[in-house]
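Residues in the sequence shown are numbered from 253 upward in steps of one, following our numbering. One structure is given below, encoded as structure tokens.
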Amino acid sequence: MATRAYILIKVKTGKTKDVVAALKRIAGIEQAHPCFGRPDIFVFINVQDERSLSDVVISKIHAIDGVEETDTHIVAE
Numbered sequence: 253m254a255t256r257a258y259i260l261i262k263v264k265t266g267k268t269k270d271v272v273a274a275l276k277r278i279a280g281i282e283q284a285h286p287c288f289g290r291p292d293i294f295v296f297i298n299v300q301d302e303r304s305l306s307d308v309v310i311s312k313i314h315a316i317d318g319v320e321e322t323d324t325h326i327v328a329e
């Protein structure tokens with residue numbers, strides 16, 4: 253069964269547009285929206301399982317220049 257989650261991302265000042273562009277190139281990310289306030293970006297992701305989610309967050313999202321923190325919330329239903 254697929255794993256869906258919201259990922260809240262804090263980025264370095266001035267990096268939001270670049271981070272959003274990089275996020276949109278990652279497989280499984282269906283939406284990436286910059287927002288005013290905290291967090292700086294809301295992401296919705298749909299991947300195969302929790303292992304895939306972990307791989308994307310740790311190996312891909314955290315590797316993007318400008319990403320400072322992530323907070324992942326797996327959809328319960």
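Don't be surprised by glycine CBs; every beta carbon is placed ideally from N, CA and C.
If you run the structure through DSSP and keep just helix, strand and coil, what is E329?
Within the sequence shown, the letter at position 77 stands for residue 329. Here E329 sits in coil by DSSP.
Check each candidate in N298, I313, S311, F294 and name the one with the smallest Cα separation from E329.
The sequence position of residue 329 within the sequence shown is 77, counting from 1. Looking at the Cα atoms, N298 is the closest of the given residues.
Other residues of its chain near A274: CB distance less than 6 Å, five sequence neighbours each side excluded
Within the sequence shown, numbered from 1, the residue matching residue 274 stands at position 22. Result list for A274: I316, in chain order.
Among P291, R256, Q283, which residue has its Cα nearest to the Cα of V319?
In the sequence shown, the residue the question calls residue 319 occupies position 67. Of the listed residues, the one whose Cα sits closest to V319 is P291.
My output table needs one value for I310: the three-state DSSP class, helix, strand or coil.
As a working mapping, residue 310 is identified with position 58 in the sequence shown. The answer is helix: DSSP assigns I310 an H, G or I state.
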